[in-house]
Each structure stands twice: as structure tokens, then as C-alpha cells.
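See below for the structure under consideration.
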């Protein structure tokens with residue numbers, strides 16, 4: 092005779108969620124690197140940093156993680172990656188097919204879901220539905236982030252945020268450059284751009300944009316790095332559309348630089 096299964100209790104279910112989330116939150120109040128934005132560059136950076144043993148957390152304002160990669164180009168869920176970035180796809184075990192020389196395609200759903208899964212399994216902690224509304228600053232650098240629930244921001248409720256500390260922050264928020272915009276507006280000093288301010292994203296030029304994405308992936312303010320499309324938007328590079336090699340390589344580059352620095 093089979094044993095009777097234990098009855099599930101709704102309060103215990105609730106307690107399990109609260110206890111485990113609280114534990115995850117407390118354990119990430121101070122980290123080595125805080126990444127803002129859960130697109131491909133942020134995920135790749137988080138993967139390499141976590142894999143190397145660093146304490147890394149990623150905050151995404153939306154419910155879903157993955158940025159614009161899910162939709163490929165105009166909701167045709169395929170992406171293009173150039174040859175130089177194939178080693179990153181290989182690292183994650185993402186399949187791709189050669190279209191013609193230097194043009195490789197990958198299923199966007201497989202690509203981004205695999206990036207998310209492998210990054211989390213490598214040790215990256217992700218908090219979704221959380222918005223960054225400010226930074227924590229000291230006279231010489233950015234030292235953390237000011238957080239609130241995304242629904243609070245969307246509803247326009249006046250609810251004070253909470254703060255977390257991090258040795259380094261990466262803005263991987265894409266076109267919006269959300270963290271850099273806050274620093275430009277509120278933190279004394281200038282950005283490390285030509286004008287000292289956000290230069291702004293330019294119109295599409297895929298080849299130039301892919302090259303500049305890597306060049307522009309760097310520290311833009313003490314304690315604050317930019318990666319992915321945030322790098323081009325901050326330093327005045329063009330957009331590149333649904334080719335994602337630069338995004339992947341940007342995440343890899345910022346991780347390598349931070350591993351040397353940290």
C-alpha cells in the first residue's frame with residue numbers, strides 16, 4: 092500500500108517564498124559587481140564574473156529577462172552573429188548555422204534562454220521587477236544603487252527606496268543608459284566622454300556600431316562601466332540592429348577588465 096502524500100499548506104508555501112527571497116536579498120546587499128539590465132551584454136558579463144568566483148547581482152526592471160534579443164529583428168525570432176563572436180556562443184552551447192561568410196544565425200529564443208540559464212547556474216543572482224532610480228555616491232565614485240519595485244515606479248507611488256552597495260556598477264540598460272543618465276544629472280563631476288555628458292545614440296550603421304561597441308565598453312565614471320548598447324549610446328556610437336556579436340563581446344570584455352581590476 093502506497094503511503095499517503097502529505098497535504099500542502101498555503102501558508103507554508105508563502106513562508107517558503109518569503110524566507111528564500113529574504114535570504115537571497117540579504118546575501119546580495121553588498122556585492123563585487125552590480126549589473127543593471129538583463130539583456131545579452133549584462134548576462135554575458137554576469138556569467139563570466141560569477142564563473143570566476145565574483146559576487147555578482149543583476150537587476151532587471153521588467154518581469155522577463157533577456158532584453159531585445161527575444162524578438163530577433165522585427166519579431167522574426169532569429170539573430171545574426173559574426174564570426175568573431177562565435178566563441179561566446181560556443182562557451183554557452185548555443186547552436187548556430189552559417190548563412191554566408193561571416194554571417195551566422197541562431198534561434199533567438201534558444202540564444203537568450205540559454206544565456207539566462209547558464210548565467211544563473213554559474214552563480215549570477217538575478218532580481219527582476221526591480222528598477223534602479225538612483226545611485227549611491229561618495230566624493231570620488233559611485234558605490235552602489237538605489238532600488239525600488241518597478242510597479243511602484245509605474246504607478247507613481249511615493250514610496251522610499253532601499254540601497255545596495257557594490258564595488259563596481261555596470262550599466263547594461265541599452266538605448267536608455269538609465270544609470271549613466273542618473274549620474275549625469277545628479278552626481279558631481281563629468282562623464283569620461285568628449286563633452287562630459289551622454290553623447291547620444293546615432294542612426295543605424297551595423298559594421299561601425301559593432302566595432303564601436305567594444306571600443307566604448309569601458310569605465311565612464313569612477314565605479315561605473317557601460318556595456319552593450321549603453322556603451323554606444325553613452326559615447327555617441329550608432330545602433331546596430333539585430334546583430335548581437337557586439338553585445339556578446341562587450342559583456343565578455345567588461346567582465347575581463349573587471350576581473351583584472353577586482
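Residue numbers (the working numbering): 92 to 353.
C-beta atoms are modelled at their ideal positions from N, C-alpha and C, and glycine is treated no differently.
Owing to the predicted nature of the structure, the values given are computational and were not obtained by experimental measurement.
Whole-angstrom distance between residue j and residue i, CA atom to CA atom
i, j, result
"residue 269", "residue 96", "50 Å"
"residue 144", "residue 215", "10 Å"
"residue 158", "residue 217", "14 Å"
"residue 181", "residue 237", "36 Å"
"residue 123", "residue 213", "15 Å"
"residue 296", "residue 102", "55 Å"
Limits of the unbroken beta strand (DSSP E) element including residue i
i, result
"residue 215", "Segment: none, residue 215 is in no beta strand (DSSP E) and carries neither H nor E."
"residue 169", "169-172"
"residue 239", "232-240"
"residue 315", "315-317"
"residue 125", "121-127"
"residue 256", "253-262"
Residue environment, residue i, which counts as buried when at least 16 other CB atoms sit within 10 Å
i, result
"residue 342", "buried"
"residue 294", "exposed"
"residue 210", "buried"
"residue 107", "exposed"
"residue 344", "buried"
"residue 331", "buried"
"residue 312", "buried"
"residue 286", "exposed"
"residue 292", "buried"
"residue 246", "exposed"
Proximal residues to residue i (C-beta, below 6 Å), its chain only, five neighbours per side dropped
i, result
"residue 174", "193"
"residue 92", "Note that residue 92 scores a pLDDT of 48, beneath 50, so its modelled location is shaky; the value from the coordinates is reported in the next line. There are no such residues."
"residue 125", "148, 236, 257 and 260"
"residue 244", "222"
"residue 141", "147, 213, 214 and 215"
"residue 187", "180, 195 and 197"
The alpha helix (DSSP H) enclosing residue i, as first and last residue numbers
i, result
"residue 300", "297-306"
"residue 110", "101-117"
"residue 149", "Taken as a continuous stretch (DSSP letters only), residue 149 belongs to no alpha helix (DSSP H), being part of the beta strand (DSSP E) at 147-151."
Close Cβ partners of residue i (< 8 Å) along its chain, the five nearest in sequence each way excluded
i, result
"residue 176", "335, 336, 337, 339 and 340"
Q. For the 8 Å Cβ check, are there 3 or more pairs between the segment 268-285 and the segment 238-251?
A. With the cut-off at 8 Å, the segment 268-285 and the segment 238-251 do not touch.
Q: Specify whether the segment 115-135 and the segment 148-167 touch according to this definition: at least 3 beta carbon pairs, one from each stretch, less than 8 Å apart.
A: Segments in contact, yes.
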